[in-house]
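Q:
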Amino acid sequence: MTVQVKMYSTGVCPYCIMAERLLQSKGVDQIEKVRIDLDPQQRELMMQQTGRRTVPQIYIGEHHVGGFDDLTVLDRSGKLDELLHPA
């Protein structure tokens, strides 16, 4: 069983697409996508929660992973699988 994954994104973000593909390759079949380009209030909420303005901003469970670069660092270190599939 995988944990809930939430991703703040926009409709034209290539890094969002790459993050989604990486997560899918790890067995994630459900990603809650929050389109901040369609809802300015969600953009404000994302910025308050993360302190960042860029997308994607990814949460795995309650853990704020960060953006695509942060996600790939976790993957290379082997820690992404631990977050997605806790024992």
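First residue of the sequence shown: 1, per the UniProt record's numbering; consecutive thereafter. For glycine and all other residues, C-beta sits at the position ideal for the given N, C-alpha and C.
#1: Output the distance between the C-alpha atoms of G27 and H85, rounded to the nearest integer angstrom.
#2: Does DSSP put R52 in a helix, a strand or coil?
#3: Nearest CA to the CA of V73: which residue from A19, L38 and E44?
#4: Quick check for students: name the residue ranges of the alpha helix (DSSP H) that lie wholly in the stretch 13-80, counting only runs of 4 or more.
#5: Give me the Cα-Cα distance between K79 and G66, rounded to the nearest whole angstrom.
#6: What separation, rounded to the nearest whole angstrom, lies between the Cα atoms of S25 and R35?
#7: Could you tell me the boundaries of the beta strand (DSSP E) in which V5 lies?
A: Result, derived from the coordinates:
#1: 9 angstroms
#2: coil
#3: A19
#4: 14-25, 40-50 and 68-77
#5: 14 angstroms
#6: 22 angstroms
#7: V5 to S9
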